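Mapping of the sequence shown onto this note's numbering: position 29 corresponds to residue 26, and the numbering continues sequentially without gaps. This report refers to the structure that appears directly beneath it.
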Amino acid sequence: MNKKADLDDESTLTKVIDDVADGINEAGPVFTAQDEEPLQESNGKQAVRYLLWGLLSVVVNFGTFFVLYHAMNLNYQFANIVAWFLGVQAGFWVDRIIVFRHKSDAPLREMLAFYGTRVLTFLIESATLWVGISLLSFSGTGSKVIGQILAIGGNYILSKFFIFKNKD
């Protein structure tokens, strides 16, 4: 192999590892005084925090879906609605406080906007479940995983650029 190509690959890998480490290490000073200015940071650090901390809302969503659909044998759409609601509520607070470190005096208005944007990704996930389970006879869990992957990407974009956009 070419030594220059090896160095380029290593520097890219080092950059990714540094962004992950910075995203984890900087999660500590999240709860600072309200009068401080929002931190200016790279999109990579926010994306890493979104993926790492976002797992909490995914666990709430999947856990609720699993209990309601598999353990209690409730309808998959009902289980998905309840799981979605609880996952979005957990996601709002995690995204607002930890991921985007958003400061404002209108958390209720932001929560309503957050839920509004999540309706779109919920519909995408519900359609994915319907196609996967009802039309293609896939497992509920497999269909849920595919729907969540689609929803996570959309949720990050909507949160970053519309809901928790810190004004300079």
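Yeah, the Cβ is synthetic: ideal placement off N, Cα and C, and Gly gets one too. A quick note: this is a predicted structure, and the numbers were derived from the prediction, not measured.
Using a 10 angstroms sphere on the CB of Phe159, the tally of other CB atoms stays under 16, which defines it as exposed. Following the DSSP letters along the chain, one finds Tyr66 in no alpha helix (DSSP H), marked with neither H nor E. Between Leu155 and the set Leu48, Leu126, Phe111, Ile146, the nearest pair of CA atoms involves Phe111. Non-local C-beta neighbours of Ile121 in its own chain, meaning closer than 8 angstroms and more than five positions away in sequence, comprise Gly144, Leu147, Ala148, Gly151, ordered along the chain. In this structure, Val64 keeps its C-beta atom at 7 angstroms or more from the C-beta atom of Ala87. Taking a C-beta distance under 7 angstroms as the contact criterion, Arg46 and Val85 do not qualify as a contact pair. Considered as a whole, the region 94 to 137 harbours 104 to 126 as its complete alpha helix (DSSP H) runs of no fewer than 4 residues, in chain order.
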